[in-house]
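For the sequence shown, the numbering used here assigns the number 104 to the initial residue and increments by one for each residue that follows.
Think of the CB as a built atom: it goes at the ideal place given N, C-alpha and C, for glycine as much as any other residue.
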Amino acid sequence: MPLKKRQYDDACAATHAIDMLGQRWVLPVMRELMLGPKRFTDLKSDLRTISANVLTQRLEMMEERGVITRLRLAPPASGQAYGLTPWGYQAAPIFQTMARWGARSPEHDPAAPMSATSLVLSLRSMVDPERAAGFCALVGLHLGRETFTVDYNSGAVAIARRTLPQDLDAVITADPDAVAALVHCAVPLIDLETHGRMAVSGDRFVIERMATLYPPCTRAQLPPE
Numbered sequence: 104m105p106l107k108k109r110q111y112d113d114a115c116a117a118t119h120a121i122d123m124l125g126q127r128w129v130l131p132v133m134r135e136l137m138l139g140p141k142r143f144t145d146l147k148s149d150l151r152t153i154s155a156n157v158l159t160q161r162l163e164m165m166e167e168r169g170v171i172t173r174l175r176l177a178p179p180a181s182g183q184a185y186g187l188t189p190w191g192y193q194a195a196p197i198f199q200t201m202a203r204w205g206a207r208s209p210e211h212d213p214a215a216p217m218s219a220t221s222l223v224l225s226l227r228s229m230v231d232p233e234r235a236a237g238f239c240a241l242v243g244l245h246l247g248r249e250t251f252t253v254d255y256n257s258g259a260v261a262i263a264r265r266t267l268p269q270d271l272d273a274v275i276t277a278d279p280d281a282v283a284a285l286v287h288c289a290v291p292l293i294d295l296e297t298h299g300r301m302a303v304s305g306d307r308f309v310i311e312r313m314a315t316l317y318p319p320c321t322r323a324q325l326p327p328e
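As C-alpha cells, this is what we get:
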C-alpha cells in the first residue's frame, strides 16, 4: 500500500516528524511499545478506546514507515507481537519532553486513567532530580498482568518491564491509577491502603519517600480574558 502524501510539503525535519507521528493514536501506540514488544490484544487492551480496525491501520502504517516491526515472542511467551525498531526507540526523549511540557497544561488531568506503561514512563519523565538526590532504591511494581522495576539512583531513574527480582527494596501491588494517585495527585499511601487500592511489601519508608519525588507541576498561565 503506497504511503499517503505528507500533510506538509516542508523540508523541516521537525515538520516531517509531525507528518509521521501526528496522526491520531500513533503516539499512544509508540508509548505502549517503549518498554518492549506487545501483542495486538495487549495493545488493544491498554489503549482503552481504540477500535481493532483503527489499531490495525495504525500498526500497518507505522510498519511501512519503519517505526515498528513484527516479531515472534520468545518462549515461554508465544505468538506474534509488535515492537519498536531501533529508530523507533530513539523517540524516547521526545516522549519525556512532551510529558513534562503537557503536564503544565491548565487542562491536563493527572487523575485521568493511565495504562501501566504510561504510568511507569511517567515515573521516569516527571521525577524531580533535586528531590531524588541521594535516594537509591529498587522498587517493584505489580500492575495487573504486568510487572516492572523502577531503579532510583540519586536522581536518575531506570525503568524496565520484567519479572520481579528478589533484591527489591519494596513492591507495590495496585492498578496504575492508584500509583498515579500516590505520586502525581498526593493521595496518602495510608488512604490508598485503607480503601484496598494498594498493597505494599518490603520497606514501607521507600514507598513513602518515592511519593515525595514528584511535586505538582506549575501550570501555565492562561491569558486574561
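By DSSP, does residue 122 sit in helix, in strand, or in coil?
Here residue 122 refers to the residue found at position 19 of the sequence shown. Residue 122 falls in the helix class under three-state DSSP.
Under 8 Å between the Cβ atoms of residue 274 and residue 227?
Here the question's residue 274 lines up with position 171 in the sequence shown. Here the question's residue 227 lines up with position 124 in the sequence shown. Using a Cβ distance threshold of 8 Å, residue 274 and residue 227 do not count as a contacting pair.
In terms of residues, what are the limits of the beta strand (DSSP E) holding residue 249?
Walking along the sequence shown from the start, residue 249 turns up at place 146. Taken as a continuous stretch (DSSP letters only), the beta strand (DSSP E) holding residue 249 covers 249-256.
Whole angstroms is fine: what's the gap from residue 306's alpha carbon to residue 282's?
Along the sequence shown, read from residue 1 onward, the residue named residue 306 stands at position 203. Along the sequence shown, read from residue 1 onward, the residue named residue 282 stands at position 179. Rounded to the nearest whole angstrom, the CA to CA distance from residue 306 to residue 282 is 16 Å.
Residue ranges of each beta strand (DSSP E) within the region 117-164, 3 or longer
The beta strand (DSSP E) runs lying completely inside the region 117-164 and spanning 3 residues or more number zero.
Going by DSSP, what residues sit across from residue 183 in a beta bridge?
Counted from its first residue, the sequence shown places residue 183 at position 80. Per DSSP, the beta-bridge partners of residue 183 are 175.
Here's a check: name, in chain order, each residue in its chain whose Cβ is nearer than 6 Å to the Cβ of residue 170, leaving out the five neighbours to either side.
Translated into positions along the sequence shown, residue 170 becomes position 67. Sequence-distant Cβ neighbours of residue 170 in its own chain, meaning closer than 6 Å and more than five residues away, are 191.
When burial is assigned at 16 or more other CB atoms within 10 Å of the CB, is residue 218 buried or exposed?
Position 115 of the sequence shown holds residue 218. Per the 10 Å Cβ criterion, buried.
Count Cβ pairs between the region 261-269 and the region 313-322 that sit closer than 8 Å; are there 3 or more?
The region 313-322 and the region 261-269 do not touch, with fewer than three beta-carbon pairs separated by less than 8 Å.
Quick check on the DSSP output: what are the complete beta strand (DSSP E) runs of length 3 or more inside the region 188-252, in order along the chain?
Segments of the beta strand (DSSP E) lying fully in the region 188-252: 239-246.
For residue 150 versus residue 158, is the C-beta distance shorter than 8 Å?
Counting from 1 along the sequence shown, the entry for residue 150 is found at position 47. Counting from 1 along the sequence shown, the entry for residue 158 is found at position 55. Contact check for residue 150 against residue 158 passes: the beta carbons are separated by less than 8 Å.
Within the same chain, show all residues whose beta-carbon is closer than 8 Å to that of residue 271, passing over the 5 residues directly before and after it, in chain order.
Against the sequence shown, residue 271 aligns to sequence position 168. Counting only residues of its own chain and dropping the five nearest sequence neighbours on each side, residue 271 has a CB closer than 8 Å to the CB of 241, 242, 243, 252 and 305.
Beta-bridge pairing of residue 305 - partner residues as DSSP gives them:
In the sequence shown, the residue the question calls residue 305 occupies position 202. Residue 305 is bridged to 273.
Confirm, please, whether the CB-CB distance from residue 322 to residue 209 is below 8 Å.
Here residue 209 refers to the residue found at position 106 when the sequence shown is read from its first residue. Here residue 322 refers to the residue found at position 219 when the sequence shown is read from its first residue. Contact: yes.
Compare the beta carbon distance of residue 182 and residue 172 with 8 Å and say whether it is the shorter of the two.
Here the question's residue 182 lines up with position 79 in the sequence shown. Here the question's residue 172 lines up with position 69 in the sequence shown. Remark: C-beta atoms of residue 182 and residue 172 do not approach each other more closely than 8 Å.
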